[in-house]
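Under UniProt numbering, the very last position in the sequence shown is 289; numbers go up by exactly one each time. Ideal Cβ positions, reconstructed from N, Cα and C, are used throughout, including at glycine. None of these values were measured; they are calculated from a predicted model.
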Amino acid sequence: MSKLSTVKGRYVYVNVQDVEYKVYFEENGQGIPLVCQHTAGSDNRQWRGLLEDGNITKNFRVIAYDLPRHGKSDPPHAVEWWKEEYKLTTQWFLQFVRSFCEELELENPVFMGSSFGGNVALQLALEYPDYFRATIPVEGADYTPGYFVDWWNHPHTHGGEVCASGTWGLMAPQSPEKDRRLTWWYYSQGAPGVFKGDLYFYSVDHDLRGKLHLIDAEKCPVYLMTGEYDYLSTPADSKRTADQISGAKFVEMKGIGHFPMSENYEVFVKYLEEVLQDILMKEKALVIK
């Protein structure tokens, strides 16, 4: 008898700044929508553990997409995208996430993103506090400069190998080797220029210094989660960020690094379950009122 996964994959058409994108996503579960953004240069395979976790999907409809130009989501078909350098901007990223959620007719979703996805989670909490039920910035901070550099996409280097090798030191040494190898594998398959273009948002266009006090964590709860082995957005960076957002919560995840959901899901989910339970408790309190 065949052993079939309950995860389903589909495409949805999303319009951003008058350009249509065919976006691939996978989903599983029921209940509160939980929208998941992968790290820079990767794709939704990083969320494979979460998508098949019955303890999570019994209360949450987990939705993990491939950002355009990543995974199974192509660059836009109607424009000559190869004629310009790809640079992901804050404005485009915010509009994409909101438009994607609206195309799926999601009602007050929770947004969780890692690395550059963690940074955009902070931006979403600032821009759309009435729309998102909560945001979970994983490995995120107010400002993460220094990583938009030319050698991520240079003819003298092998882009896939350089990007993949860069992930190795960002993972905890005790994370299972099979999962660290898979995380490395995802990055080795990235399209030329995409990782560097993602890092334009991560290190240049994203800057919330002096603006964190404007985030209303009463309207949109914010839960920052960062692994102790992350040296890009360190636990100290994330805690500094959380301390400037009234009501935000910070969790340092022990024994894990920059890619927690894929490098060691069993450790990551223990921390995530506490956050999701808090969201469920807030939801029940609202119903009682």
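* **Residues near Cys-36 by beta carbon distance below 6 Å, same chain, minus five either side** => Counting only Cβ-Cβ distances below 6 Å, and skipping sequence neighbours, we find Trp-47, Ala-64 and Met-112.
* To do: Quickly, what does DSSP pair Glu-27 with across the bridge? List them, please.
  => BP columns for Glu-27 point to Lys-8 and Ile-63.
* Asked: Going by other Cβ atoms of all chains shown within 10 Å of its Cβ, with 16 needed for buried, is Ser-114 buried or exposed?
  -> So Ser-114 counts as buried.
* Asked: Pro-235 lies in the beta strand (DSSP E); which residues open and close that run?
  -> Counting along the chain, Pro-235 falls outside any beta strand (DSSP E), though it belongs to the alpha helix (DSSP H) covering 235 to 243.
* Does DSSP put Val-149 in a helix, a strand or coil? -> Three-state result, Val-149: coil.
* Member of Glu-274, Ala-125 and Thr-89 whose CA lies at the smallest distance from the CA of Cys-220 -> The residue with the shortest Cα to Cα distance from Cys-220 is Ala-125.
* Asked: Quick one: is Trp-82 buried, meaning 16 or more other Cβ sit within 10 Å of its Cβ, or exposed?
  -> Per the 10 Å Cβ criterion, exposed.
* Thinking just about the alpha-carbon of each residue, which of Phe-268, Arg-61 and Lys-211 is nearest to the one in Asp-243? -> For Asp-243, the nearest C-alpha among the options comes from Lys-211.
* Taking 7 Å as the line, does the beta carbon of Ser-246 fall inside it for any heavy atom of the ligand GTP? -> The ligand GTP is not part of the structure shown, which contains no ligands of any sort.
* My understanding is that Val-62 touches Leu-104, with C-beta atoms under 8 Å, so please give their C-beta distance in whole angstroms. => Rounded to whole angstroms, the Cβ separation of Val-62 and Leu-104 is 13 Å, and the two are not in contact under 8 Å.
* Give a yes or no on contact between the segment 258 to 272 and the segment 215 to 230, applying the rule of three or more CB pairs nearer than 8 Å. => The count of Cβ pairs closer than 8 Å, one atom from the segment 258 to 272 and one from the segment 215 to 230, reaches three, so the stretches are in contact.
* What are the boundary residues of the beta strand (DSSP E) that includes Gln-174? -> Segment: none, Gln-174 is in no beta strand (DSSP E) and carries neither H nor E.
* **Inter-residue Cα distance where the pair is Glu-273 and Trp-168** => Approximately 26 Å, taken between the alpha carbons.
* Asked: If you follow the beta strand (DSSP E) that Phe-116 is part of, which residue opens it and which one closes it?
  -> Here Phe-116 belongs to no beta strand (DSSP E); instead the alpha helix (DSSP H) covers 116 to 127.
* Using alpha carbons as the reference points, say which of Arg-181, His-213 and Gly-140 lies closest to Thr-39. => Among Arg-181, His-213 and Gly-140, the Cα nearest to that of Thr-39 belongs to Gly-140.
* With distances taken from CA atoms, which of Glu-27, Tyr-186, Gly-31 and Phe-25 is nearest Gly-166? -> Of Glu-27, Tyr-186, Gly-31 and Phe-25, the residue nearest in Cα terms is Tyr-186.
* **Leu-276 beta carbon less than 8 Å from that of Phe-60** => Against a cut-off of 8 Å, the Cβ pair of Leu-276 and Phe-60 comes out as a contact.
* **Option in Gly-71, Pro-235, Lys-284 and Gln-91 with minimal Cα separation from Phe-195** => For the residues Gly-71, Pro-235, Lys-284 and Gln-91, the minimum Cα distance to Phe-195 belongs to Gly-71.
* Local conformation of Ile-56 per DSSP, three classes -> In this structure, DSSP gives Ile-56 a helical state, which the three-state scheme calls helix.
* Asked: Based on Cα-Cα distance, which residue from Asn-15, Pro-173, Lys-178 and Tyr-21 lies nearest to Pro-76?
  -> Minimum Cα distance to Pro-76 is reached at Tyr-21.
* Can you name the residues that DSSP bridges to Tyr-223? -> BP columns for Tyr-223 point to Lys-249.
* To do: Could you spell out where the beta strand (DSSP E) holding Leu-34 opens and where it closes?
  => Membership of Leu-34 in the beta strand (DSSP E) is indicated by the continuous run 32 to 37.
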